[in-house]
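In what follows, a single structure is set out as structure tokens and then discussed.
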Amino acid sequence: MSRELLAVENLVKRYGENTVLDKISFRVQEGETLVIIGPSGCGKSTLLRCINALEPIQGGRILLDGQEISRDAKSLPKLRQRIGMVFQNYELFPHLNALDNITLAPIKVQKRKRAEVVEEAMSLLERVGLKDRAYDFPRQLSGGQKQRIAIVRALCMRPEALLFDEVTASLDPEMVREVLDVLLALAEQGRTMLIVTHEMQFARAVADRVLFLDGGKIVEEAAPDAFFDAPQSERARKFLRTFTFETVKHQKIGGYSK
Amino acid sequence: MDRQVILSYLPLYRDAAWLTLRLGCMGIAFSLLIGLACAAARYRKTPILSALAAAYIEVSRNTPLLIQLFFLYYGLPKIGIRTNAAACGVAGLAFLGGGYMAEAFRSGLEAIPLSQKESALSLGMTEFQALWHVVLPQALSVSVPPLMANVVFLLKETSVFSAVSLMDLMFTAKDLIGLYYSTTESLFLLVAFYLLILLPVSVAGSLLERRLRYAGFGV
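Note that the protein sequences, when read in sequence, are chains A and B. Read in the working numbering, the first sequence has 32 at position 32, and its numbers run on one by one without any break. Offset between the second sequence (1-based) and the working numbering: plus 258.
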């Protein structure tokens with residue numbers, strides 16, 4: 001029986017009058033990969049930012065390992081060490097090389113020994129195929145490489161859960177795969193992950209469960225095959241249709257032909 | 259111009275330049291500390307400190323150094339605080355410069371996207387660690403040109419020290435003109451010595467800027 005790692009209960013997030021998340025509730029088991037999809041502006045990214053306490057919330061609560069996440073400044077760093085986050089635009093620190101990006105927080109925040117952290121960082125880099133780029137600066141790396149470094153940076157903190165906020169949305173198409181492969185490998189290792197993505201085939205492949213968000217509410221929650229093959233709600237059906245294309249026959253256009 | 263006169267004045271100017279440079283550097287060092295503290299308070303929006311820093315920045319930048327020096331030199335003894343001219347000079351320069359330095363640091367801090375701070379926070383850093391390890395190093399590279407401009411500006415402002423009878427370059431020149439009517443030689447040496455101090459600073463500043471630009475933190 002796996003334990004429940006994360007529980008979100010009646011989460012409400014408002015920007016002024018605008019309600020972005022409206023009483024969201026869901027649970028994540030240890031080792032589970034939860035994929036959150038939905039149209040732009042449905043609150044997916046905001047949801048991840050709320051879980052990592054980068055945004056204040058206006059109602060409900062979030063529990064990590066059965067304990068409510070307190071939002072006072074003192075306990076936030078502790079919380080964020082337990083939940084890693086990877087951002088859409090990598091957010092590597094441009095003044096540090098890849099290795100220093102990865103080791104900064106473990107050394108300064110967790111006070112671990114430099115040699116030990118470097119060793120772990122190097123073995124993680126090797127796993128994502130970037131060992132030879134350890135001493136490169138972010139500006140010398142491609143988008144896909146930067147994002148893999150950012151994932152290693154989050155992993156090196158040994159978090160219990162990882163949040164991925166549209167991590168391939170800023171990448172050129174041919175670099176998307178190299179990042180998604182890393183996520184697939186992590187899912188295989190049994191990492192607990194919350195993934196926000198627009199890559200539907202990837203979502204289907206990686207997810208244990210899919211949350212479909214629209215208008216700040218969870219419209220559908222289902223196993224990936226069930227969701228993608230037979231979505232229950234009209235809203236989800238409409239959303240999924242936007243990812244498929246009808247074949248358009250080449251037609252002669254009247255008026256130009258002789 | 260009389261070469262003999264110039265040669266005989268040289269030791270006086272050398273001592274004066276040394277005083278200008280010494281007090282100037284001390285004042286600038288303090289102004290950098292004050293500026294950094296004020297910019298940090300404003301950046302982190304620390305409740306009371308931030309407002310105090312904002313008020314200080316306005317007062318220091320909108321009053322002339324001459325007035326600030328008079329205030330320190332003639333005003334403080336009236337309320338029982340004994341000072342000497344050198345301490346007043348350094349304090350005045352630090353007070354004036356602190357406001358300018360704060361704004362230079364602030365422009366750098368504000369140039370760094372908020373997402374960099376969030377990324378640091380999400381790795382479990384405290385607000386201070388995020389500022390110190392992530393935001394500030396990047397902000398400094400943006401701040402260097404205005405900081406260097408302020409250093410040159412403050413070194414020139416030391417010419418006001420003569421008003422509280424510190425024997426700086428300006429005082430020496432005025433003194434010699436008053437005593438010997440050697441206007442040409444005195445002013446020539448005055449300009450020459452200021453250039454001697456300031457040109458190396460300017461060149462060093464340009465080199466530093468270029469190095470930082472090549473370090474190119476562009477993502």
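Positions of the beta carbon are idealized from the N, C-alpha and C atoms, including for glycine.
- Sequence-ordered contacts of the region 177-204 of chain A with chain B are nonexistent [C-beta pairs closer than 9 Å].
- Check the Cα spacing between A/Arg-3 and each of A/Gly-16, A/Lys-23, A/Gly-31, A/Ile-62: the tightest is with A/Gly-31.
- Taking 8 Å as the threshold, the shortest C-beta distance from A/Arg-80 to chain B falls below it.
- Bounds of any alpha helix (DSSP H) do not take in A/Gly-215, whose DSSP letter is neither H nor E.
- Chain A has a Cβ within less than 8 Å of the Cβ of B/Met-383.
- Using a Cβ-Cβ cut-off of 8 Å, B/Ser-380 counts as an interface residue toward chain A, since at least one Cβ of chain A sits closer than that to its own.
- Residue state for A/Phe-164 is assigned as strand, using DSSP reduced to three classes.
- Below 8 Å, too few C-beta pairs join the region 104-123 of chain A and the region 408-425 of chain B to call them touching: fewer than three.
- DSSP links B/Thr-278 through a beta bridge to no other residue.
- Residues of chain A whose Cβ lies closer than 7 Å to the Cβ of B/Pro-395 are, in chain order, His-95.
- Contact between B/Tyr-331 and B/Leu-427 does not hold, since the beta-carbon distance rounds to 19 Å and is not under 8 Å.
- In the three-state reduction of the DSSP assignment, B/Tyr-438 falls in the helix class.
- Taking 8 Å as the CB threshold, A/Leu-54 lines the interface with chain B.
- According to the DSSP assignment, A/Phe-227 belongs to the alpha helix (DSSP H) that extends over 224-229.
- Segment contact: the region 47-60 of chain A against the region 333-346 of chain B, fewer than three CB-CB distances shorter than 8 Å; contact not assigned.
- Neighbours of B/Ser-373 across chain A, judged by C-beta separation under 8 Å: Phe-87, Asn-89, Glu-91.
- Note on geometry: alpha-carbon atoms of A/Leu-186 and A/Arg-80 lie some 19 Å from one another.
- DSSP places A/Arg-71 outside both helix and strand once states are collapsed to three, so it counts as coil.
- Counting only runs of 3+ residues, the beta strand (DSSP E) found wholly inside the region 83-125 of chain A occupies 83-86, in chain order.
- DSSP places A/Asp-181 inside the alpha helix (DSSP H), whose first and last residues are 173-188.
- Closest by C-alpha distance to A/Arg-61, out of A/Val-86, A/Leu-34, A/Phe-26, A/Lys-74, is A/Phe-26.
- It is roughly 32 Å from the alpha-carbon of A/Phe-228 to the alpha-carbon of A/Tyr-15.
- Secondary structure note for A/Gln-201: its alpha helix (DSSP H) is the uninterrupted segment 200-206.
- If you draw a 10 Å sphere on the C-beta of B/Met-383, you find 16 or more other C-beta atoms in it, and that means buried.
- For the region 97-123 of chain A, the set of positions with a beta-carbon nearer than 8 Å to some beta-carbon of chain B reads Leu-104, Ala-105, Lys-108, Val-109, Gln-110 in chain order.
- Between the alpha carbons of A/Asn-101 and A/Gly-129 lies a distance of about 17 Å.
- Annotated as distal: B/Thr-416 and B/Leu-268, with beta-carbon spacing of 8 Å or more.
- The Cβ atoms of B/Ala-388 and B/Leu-379 lie closer than 8 Å to each other.
- Taking C-beta separations shorter than 7 Å and ignoring five residues to either side along the sequence, the partners of B/Leu-405 in its chain run Met-359, Ala-362, following chain order.
- In the three-state DSSP reduction, A/Leu-6 falls in the strand class (E or B).
- Between A/Ile-37 and A/Val-210 a beta carbon distance of about 6 Å is seen, short of the 8 Å cut, so the two are scored as contacting.
- In chain order, Asn-97, Ala-98 place their CB closer than 7 Å to the CB of A/Asp-136, counting only its own chain and leaving out the 5 sequence neighbours on each side.
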